[in-house]
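Encoded as structure tokens, the structure appears first; notes follow it.
Number of protein chains: 2
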Amino acid sequence: MIMPERHLPSVMIPVAPLSSASFAPFGDIVSEDGALATVINQNFAERYSDLADVDVQANGGKINVSLMTAYPRSAPIVIALMERHPLGSQLFFPLQDQPWLIVVCTDPYDISSFRAFHATGHQGVNYTRNTWHFPLLVHDSPGRFLTIDRQGPGINLEEAWLERCVRLPPSW
Amino acid sequence: MIMPERHLPSVMIPVAPLSSASFAPFGDIVSEDGALATVINQNFAERYSDLADVDVQANGGKINVSLMTAYPRSAPIVIALMERHPLGSQLFFPLQDQPWLIVVCTDPYDISSFRAFHATGHQGVNYTRNTWHFPLLVHDSPGRFLTIDRQGPGINLEEAWLERCVRLPPSW
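In order, the protein sequence lines correspond to chains A and B. So for the first sequence, the numbering used here puts the first residue at 1; every next one is plus one. So for the second sequence, the numbering used here puts the first residue at 1001; every next one is plus one.
What follows is the structure, given as structure tokens:
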């Protein structure tokens, strides 16, 4: 199948390591890194608490705990569509120790606002409500994720088809 | 270090595979098994939605997303203490494809009410509020888990030290 977006003009953007400073405008990084461990369970466990601001109660919403499997997109990865959720946050955490990719922006019609990150298999993210993001993105092999987002009344999905696409480099 | 509970009388109970029918009195199994997949993200992902009844709002509570690392207990695994959370549910999902163990009961002073399960690395559990359970339990090697439970005002932990301990068999 030929993906139609491959024929649109596209601009390559760099892929940076996921870090709190650069991801802060878009949400939380869910990770042990930089978090304070509490020793519990008679010293048989460590706990890193309160790693994400889950925001799902608008308009009568409630939490939706899901499992997702994402299938790899072949190179070059071209971003032709962005989405956001006006009624709730959305958290993804990888269930295998494999890197994955994140593409966000503040304005889907402004290429300069796009950021791409590579996350480790120990890093999840929680997009704040209304953060524009590309859907779950893996390369090389399928990836399972635990997802925490919102279910409930109201329209909680907006999509934007890009006028100019974003392309990720073949390696980073 | 000699664990004092090793000297208490103990009763061995069987360890059964985790299954919905047998775990139902204690909570949800969080798993793709038996759940309906929805194809999303332009056919690049499958989603299994609404896998757990997260119940954390009592008494002004809110969700707490945590990461935990559990360290293995050496054989024989002896259960001398059970705990429960009167104000909220508690969900654990494994972050590596390794089996783990679950011990629950309806009455910590009634050995016949105890059940032990071995879960796969693709199965999480969500204990309903007030379900008596042993803390996170791994064998062989440390295990990382994503946890969804409650934070907020009030006392959300009850512990019961057993009069007669429960012991798990060396293999199952």
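Backbone N, C-alpha and C fix where the C-beta goes; we use that ideal spot for every residue, glycine too.
ask   = Applying a beta-carbon distance threshold of less than 8 Å, which residues of chain B neighbour Pro135/A?
value = Under the 8 Å cutoff, chain B gives Ile1040, Asn1041, Gln1042, Phe1044 and Ala1045.
Bounding residues of the beta strand (DSSP E) (the contiguous stretch that carries Ala1021/B) = It is not in any beta strand (DSSP E) - Ala1021/B instead sits in the alpha helix (DSSP H) that spans Ser1020 to Phe1023.
ask   = Expressed to the nearest angstrom, what Euclidean distance is found between the alpha-carbon atoms of Pro1169/B and Thr1131/B?
value = Whole-angstrom Cα-Cα distance: 23 Å.
Sub-8 Å separation of Gln1098/B and Gly1061/B beta-carbons = no
message = Check for me: the beta strand (DSSP E) holding Leu1036/B runs from which residue to which?
response = Element bounds for Leu1036/B: n/a, residue is neither H nor E.
message = If we define contact as Cβ-Cβ less than 8 Å, is Asp33/A a contact residue for chain B?
response = no
ask   = Along the chain, where does the beta strand (DSSP E) that runs through Val1166/B open and close?
value = Glu1158 to Arg1167
Spatially closest choice to Gly1027/B from Val1103/B, Leu1081/B, Val1078/B and Ser1049/B, by CA coordinates = Val1103/B
message = When you compare the segment 5-24 of chain A with the segment 151-170 of chain A, are there three or more beta-carbon pairs, one atom per stretch, that lie closer than 8 Å?
response = yes
task = Name, please, each residue of chain A whose Cβ falls closer than 8 Å to the Cβ of Val1065/B.
result = Val30, Asp50, Leu51, Ala52, Val54, Leu91, Asn126 and Ile148
Simplified DSSP state of Gly1027/B, which is helix, strand or coil = Here Gly1027/B sits in strand by DSSP.
request  = With DSSP as the reference, label Glu1005/B as helix, strand or coil.
outcome  = Because the pLDDT of Glu1005/B is 49, which lies under 50, any placement of that residue in the model is unreliable, and the number read from its coordinates should be weighed accordingly. Look at Glu1005/B here: in three-state DSSP terms it is helix.
task = Output, in chain order, the set of chain B residues within a Cβ distance shorter than 8 Å of Ala70/A.
result = Neighbourhood of Ala70/A in chain B, by CB distance below 8 Å: Asn1041, Phe1044 and Ala1045, in chain order.
Minimum Cβ-Cβ distance from Gln1173/B to chain A less than 8 Å = Nothing can be reported for residue 1173/B: it is not among the residues displayed for chain B, which extend from 1001 to 1172.
ask   = In whole angstroms, what is the alpha-carbon distance linking Phe1145/B and Ser66/A?
value = 15 Å
For Asn1064/B, the nearest candidate out of Tyr48/A, Ile79/A, Val78/A and Cys105/A (CA to CA) = Tyr48/A
query = With a cut-off of 8 Å, does the C-beta of Leu157/A fall near any C-beta of chain B?
reply = no
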